[in-house]
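Worksheet: the structure to be examined is printed underneath.
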């Protein structure tokens, strides 16, 4: 089987809640950030959040991206780690329904707890995440399927993996396999905290450079230690052949290896920004693996991510994906 994209990342069941800012301050939660928590803290928060739940889906950043790319029409493979609990069953069923192949089999699952991410959405559409990694904190080289990776056009690596040493080693191992097999590597920085606290680990993953980098403005400037986006984008050329800097409601800036392309935003009323960057990456990767230029892929990604922020949850319905392509390219 040939794959367009082989992704690696944390397997987390995303559980979304609607809360007000008072809830975050009462429970001492850092707004707008992804914070790792232990099981006891998550259980405490789940109790407090009980009546606020909106929806639950299989997720984790790279999983959302693989599912998005798959919905658009890419063949995707996802390596991750879930436990043999009911959350793990839920996760696998959801991946299968989305058409994403994976390393997950009954024999590959171990006793433990599948990771969960509590996504708290405030009225300003910002998303705050408290994540208990569970068994995914032990994601390692063992979960890699080299044969599938070698048969892929792109490797997509989630920056969140850098937070645990064993997972960071798997990022390096996967990139080494990709480099040796002529597979291009795309990396997402994932979160400002990953860049701030784990820069050394990210640098080891990047090595001599990546083919494509996804980041937002904050991550770009934090990584390059600059205060101007213009300076940051020049510095990023040293580590990435091409890159995308997402700019929220201002669209995105793409470096296609030759020139900078500004991607116009689509104006929408944001309800929930969770998964917007993941959707952008998935739609963009679909675009560049299906004959579209970086500029065209940027338009697909911009429209897709505008649709996803206008609703709850990190993914679109199948009919919405078709509408995006039809809007841009006519009947598809």
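Residue numbers (my numbering): 220 to 551.
Glycine residues also receive a C-beta, built at the ideal position from the N, C-alpha and C atoms.
Residue 253 is bridged by DSSP to 348.
Bounds of any beta strand (DSSP E) do not take in residue 311; it lies within the alpha helix (DSSP H) bounded by 305-316.
Rounded to the nearest angstrom, the gap between the Cα atoms of residue 243 and residue 399 is 46 Å. Within its own chain, the residues whose Cβ lies closer than 7 Å to the Cβ of residue 497, once the five positions on either side in sequence are excluded, are 280, 283, 284, 287, 533, listed in chain order. Contact check between the region 306-320 and the region 515-532: fewer than three CB pairs, one atom from each, fall below 8 Å, which does not count as touching. Here the alpha carbons of residue 461 and residue 455 stand approximately 9 Å from one another. Contact between residue 432 and residue 459 holds: their C-beta atoms lie close to 4 Å from each other, under 8 Å.
DSSP lists no bridge partner for residue 452. Per DSSP, residue 390 lies in no beta strand (DSSP E) segment; the continuous alpha helix (DSSP H) that holds it begins and ends at 384-400.
The alpha-carbon of residue 348 is positioned some 14 Å away from that of residue 239.
Its chain contains 301, 302, 303, 307 as the residues whose beta carbon lies nearer than 8 Å to that of residue 328, once the 5 sequence neighbours on both sides are disregarded; these appear in chain order. With a cut-off of 8 Å on Cβ pairs, the region 506-524 is not in contact with the region 255-266, counting fewer than three such pairs. Residue 427 has no beta-bridge partner at all, per DSSP. Distance from the Cα of residue 237 is smallest, within the candidate group 223, 331, 249, 342, for 342.
In the assembly as shown, residue 469 is an exposed residue. Its beta-carbon has fewer than 16 other beta-carbons within 10 Å.
Listed in chain order, the non-local C-beta contacts of residue 499 below 8 Å within the same chain comprise 433, 463, 465, 471, 520, 521, 523, 524, local neighbours out to five positions each way being set aside. The alpha carbon of residue 338 has as its nearest neighbour, out of 504, 438, 226, 253, the alpha carbon of 253.
In chain order, 460, 461 place their CB closer than 6 Å to the CB of residue 476, counting only its own chain and leaving out the 5 sequence neighbours on each side. In this structure, the CA atom of residue 233 is about 15 Å from the CA atom of residue 258.
A direct Cα-Cα distance of roughly 13 Å separates residue 290 from residue 320. In the structure shown, residue 417 adopts coil according to DSSP, grouped into three states. Counting the other CB atoms within 10 Å of its CB gives residue 395 a total below 16, which places it among the exposed residues. Secondary structure at residue 407: strand, using DSSP grouped into helix, strand and coil. Contact check for residue 441 against residue 415 passes: the beta carbons are separated by less than 7 Å. Counting C-beta atoms within 10 angstroms of its own C-beta, residue 381 has 16 or more neighbours from the protein chains shown and is therefore classed as buried.
As DSSP reads the structure, residue 479 sits in a beta bridge with 474. Judged by DSSP secondary structure, residue 505 falls within the alpha helix (DSSP H) whose first and last residues are 495-507. Here residue 486 is exposed: its Cβ has fewer than 16 other Cβ atoms, across all protein chains shown, within 10 Å. The three-state reading of DSSP puts residue 239 in coil, since its state is none of H, G, I, E or B. If the five residues before and after residue 340 are omitted, its C-beta is found closer than 6 Å to the C-beta atoms of 237, 346, 491, all from its own chain and listed in chain order. Closest in alpha carbon position to residue 229, among 427, 271, 385, 542, is 385. Secondary structure at residue 531: coil, using DSSP grouped into helix, strand and coil.
Shown here, residue 372 sits in a strand according to DSSP, grouped into three states.
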